[in-house]
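This report refers to the structure that appears directly beneath it.
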Amino acid sequence: MASTHAPVCQIFSFQDCKTSPDPLFELPAQCLGSSSAPVVIDNGSFQTRAGWAAPGPGCDSPRLLFRSVAARSRGAARSETQIGNDIPNLEPLRWLLKSQFDRNVVVNFEIQELILDYVFTHLGVDSEGSVQHPIVLTEAPCNPLHCRQMMSELLFECYQVPYVSYGVDGLYSFYHNTDRSLQSSHTGVILSSGYHCSHILPVINGKLDAVNCKRVNVAGGQAASYLQRLLQLKYPGHLAAITLSRMEELLHEHSYTAVDYHEELEKWRSPEFYEREVHRIQLPFSGKVPGGCVSVEERQERRAQQLRRLQEINARRREEKLQQDQERLDRLMAVQELLEDGLLDQFHKSLVELNMDSAEELQSYINKLQLAVEQSRQKLLQDGAEGKTEVSELEQPMDEGDGVGLMDPDFSEDTLPEKPANVAQPAFNMAEYHQLFVGTERLRCPEILFQPSLTGEEQMGLMETLQYILARYSLEQQEALVSNVFLTGGNMQYPGMKARVERELLAMRPFQSQFKVSMASRPAVDSWYGARDWAVEHPAAGGAEGWISRQDYEEKGGEYLSEHCASNVFIPMKIAKPVRPTEPAVTAQASAGNAAAAAAAAAAVPAALTPPSAVAADVAMVTS
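Letter by letter, the sequence shown follows residues 588 to 1211 in the numbering used here.
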């Protein structure tokens, strides 16, 4: 939130942090043995976090944190692919970056396989042949069955893992920040906002109510793109410096959520408030200013260089003109010699070629050329002797030089006006020119979470969607849900977010109704810690619920999900599946009497023997 006591001028600079490659860790000792420790992977759309679910040092925090992107050019080998922190700077390779996600759902399993290889290699797990560790993996709320089936197929068929458990990141964070003894009776609503989208997850008695889950397609990625568009329109001269990575840094370090958006915008109208709260972001620049303030001696030296350059140009052009005139004069003199020698036919033919009518016209033109050649030679000799600058009017426009007065033949260096040194010249502040003034953008970009219409999105905001979901419950359930509103996700870390949600709830709830809003202790990484806590308390070897074994995968299919307190809901769906009849139908032509007998016999057959048209088959699905 905007500070009340801040310096008058706040100047910041971009950190432009470059990542360093992750080390190859050794397998911890506590992760060895007959019951292997699970590998916990928070498969986030912005960042992937991976570590071990085991007690002891080195396993109480994620060992790997890297961006969920891969950079590989077309036709490159797998070994040439750069993953996560192997890419020191994302901007030069922005056009090559690929993610396994579409919105928040994994669809590109080739990239997902590369990221899993990266995780297992850097955690010290030998992935050749098989991975002998259970896997705890996060997935999207109401994950499509096909995506889970492809993920299970990748883990069980490619890596030969013994167990897999799927859970929702927001529910894991909720699990980590609540009392374990009261976990089964917890009721509340989770507001989770990440990089690609935001979710509202109602939890009834410790279980996710998947039917009423909703998704809002606005989150941190859209806010960063919106901020980039705003600043590029504001500073068209710095388009290359306003990169997406820097906009993400601005969001994380300089943005805040306004408790009352319109009231906060009114404050920014005040010049004093603006000067106090605007953040000036200094861009890198060079101190040398072309055409900037120079001394009197430097200006005089530049004038002298310009005059010398003009002298050389005019002398060179005068010599060329003299040479052309001399060549033409020699040609005309040769024609006149034909007349003197009595060669009249050749003389008249040459006159026609010269477009002349008589010998008198030829003589007049020769006299003019002789006078022009003589004058040019005298000027060249005079300039060479006296060194005087005489600039004649050129036949073609001159590209070099920047002054019409310099083309005057009588122009001299002494006639150039000299500005007095004591006149105050407006100084160009190069540092201020390379500053980005981030004012109302600090609150306008996070506001799209509540008002997606600011970016042209035709959908409800986060709190409007929450109000729509609450209206689907009874009054008692509404009271229970709003009594435990939980905020989690990396996009919920803006200062003032909790106060804004409380104000919105106060406006939408009935008079004197009670509600409570709580924030995750570490909104960005609590999902990994919650998954680790769950894996430690529910070991796969003990037969705890929530784990999918390889036998379950082979018998029930890849879309199968073993439910637990932080997972999606597994709902079977009846699908009509045709079954072939036991006896093939026989068609024959019969008489009318035979047809009647056949009809009577068919009527006598018990209904129980008639094969049903369809048999119900249980196929797993998750409602969305």
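By construction, the Cβ of each residue, glycine as well, lies at the ideal position given by its N, Cα and C atoms.
By alpha-carbon positions, which one of the options ends up nearest to residue i?
| i | options | result |
| --- | --- | --- |
| VAL776 | ALA657, SER600, SER1105 | SER1105 |
| GLY671 | TYR1140, GLY643, PRO610, LYS801 | PRO610 |
| THR830 | GLY1026, GLN1101, GLU678 | GLU678 |
| GLN736 | ALA959, MET1017, LEU956, VAL692 | VAL692 |
| ASN649 | GLU864, THR635, ALA806, LEU838 | Sequence inspection shows Pro at residue 649; the Asn mentioned does not correspond to that position. Ranking the options by Cα distance to PRO649, first place goes to THR635. |
| CYS729 | ALA1127, PRO858, ASP756, ARG867 | ASP756 |
| GLN809 | MET834, PRO789, GLU899, ILE1056 | MET834 |
| GLY631 | GLN923, LYS966, ARG690 | ARG690 |
| LYS966 | HIS1021, GLU924, GLN819, ALA902 | ALA902 |
| GLN617 | GLU1091, GLY638, SER1136, ARG1137 | GLY638 |
| ALA1067 | LEU619, TYR759, ASN792 | ASN792 |
| ARG904 | ALA727, SER963, GLN719 | SER963 |
Report all residues from its chain with a CB closer than 6 Å to the CB of residue i; omit the five preceding and five following residues, and keep chain order.
| i | result |
| --- | --- |
| VAL1123 | ALA640 |
| MET1095 | GLN1054 |
| TYR848 | GLU1034 |
| LYS1052 | Here the sequence assigns Thr to residue 1052, which means Lys is not the residue at that position. Hits under 6 Å: ILE787, LYS801, VAL803. |
| GLN747 | SER717 |
| GLY1145 | GLN736, SER739, GLU740 |
| ASN695 | GLN687 |
| ARG1031 | none |
| MET943 | LEU949 |
| SER779 | GLY757, HIS786, THR1075, GLY1076 |
| ALA934 | The amino acid at residue 934 is misidentified as Ala; the sequence shows Phe. LEU925, LEU926. |
Could you tell me whether the Cβ atoms of residue i and residue j are closer together than 9 Å?
| i | j | result |
| --- | --- | --- |
| PRO721 | TYR750 | yes |
| PHE743 | TYR705 | no |
| ALA1089 | LEU837 | The question names Ala, yet the displayed sequence has Glu at residue 1089. It is not a contact, given that the beta carbons lie outside the stated cut-off. |
| SER686 | SER666 | no |
| ARG1087 | ALA827 | no |
| ILE868 | PHE1024 | yes |
| SER1114 | ASP647 | no |
| LEU614 | VAL723 | no |
| ASN764 | SER1108 | yes |
| ILE1117 | HIS1125 | It is Gly, not Ile, that sits at residue 1117 in the sequence shown. Not in contact: GLY1117 and HIS1125 (Cβ atoms no closer than 9 Å). |
| PRO675 | SER772 | no |
| LEU870 | HIS825 | yes |
| VAL960 | LEU894 | no |
| ILE1158 | TYR1147 | no |
| TYR813 | TYR1081 | no |
| GLN969 | LEU916 | no |
| VAL626 | PHE707 | yes |
| SER937 | VAL922 | yes |
Count the other CB atoms within 10 Å of the CB of residue i; is the residue buried (16 or more) or exposed (fewer)?
| i | result |
| --- | --- |
| ALA663 | exposed |
| ARG1119 | buried |
| TRP1121 | buried |
| ASP997 | Any reading at ASP997 must be qualified, since the residue scores a pLDDT of 48, below 50, and its modelled position is unreliable; the value itself is stated next. Exposed. |
| GLN911 | exposed |
| PHE1037 | buried |
| ASP796 | buried |
| ILE598 | exposed |
| ALA1128 | exposed |
| VAL1112 | buried |
| CYS596 | exposed |
| PHE761 | buried |
| GLN950 | exposed |
| VAL805 | buried |
| GLY643 | exposed |
| LEU1218 | Missing from the structure shown is residue 1218; the chain here goes from 588 to 1211 and no further. |
| GLY1076 | buried |
| CYS784 | buried |
| TRP682 | exposed |
| MET1079 | buried |
| GLU947 | exposed |
| PHE1098 | exposed |
| VAL798 | exposed |
| PHE872 | exposed |
| GLU850 | exposed |
Please go through the same chain and pick out, in chain order, the residues whose beta-carbon is closer than 7 Å to the beta-carbon of residue i, but skip the five residues on each side of it.
| i | result |
| --- | --- |
| MET920 | ILE953 |
| GLU697 | none |
| ALA811 | LEU831, MET834, GLU835, LEU838 |
In its own chain, which residues sit with a C-beta less than 8 Å from the C-beta of residue i, not counting the 5 before and 5 after it?
| i | result |
| --- | --- |
| THR668 | ALA657, ALA658, ARG659, LEU701 |
In chain order, each beta strand (DSSP E) run of at least 3 residues that lies wholly inside the region 902-962:
Fully enclosed beta strand (DSSP E) runs of 3 or longer: not present.
Beta strand (DSSP E) runs contained entirely in the region 633-689, provided each spans 3 or more residues:
Entirely contained in the region 633-689, the beta strand (DSSP E) runs reaching 3 residues are, in chain order, 634-639, 651-654.
Extract the residue ranges of the alpha helix (DSSP H) inside the region 828-858, only unbroken runs of 4 or more that lie entirely within it.
Listed in chain order, the complete alpha helix (DSSP H) runs (minimum 4 residues) inside the region 828-858 are 831-841, 848-854.
Run through the region 705-776 for me and flag every whole alpha helix (DSSP H) of 4 or more residues, listed as ranges in chain order.
Qualifying alpha helix (DSSP H) stretches, in chain order: 732-740, 756-763.
Can you check the region 1071-1144 for any beta strand (DSSP E) of at least 3 residues that lies completely inside it and give the ranges in chain order?
If we require 3 residues or more, the beta strand (DSSP E) runs fully inside the region 1071-1144 come out as 1072-1075, 1104-1106.
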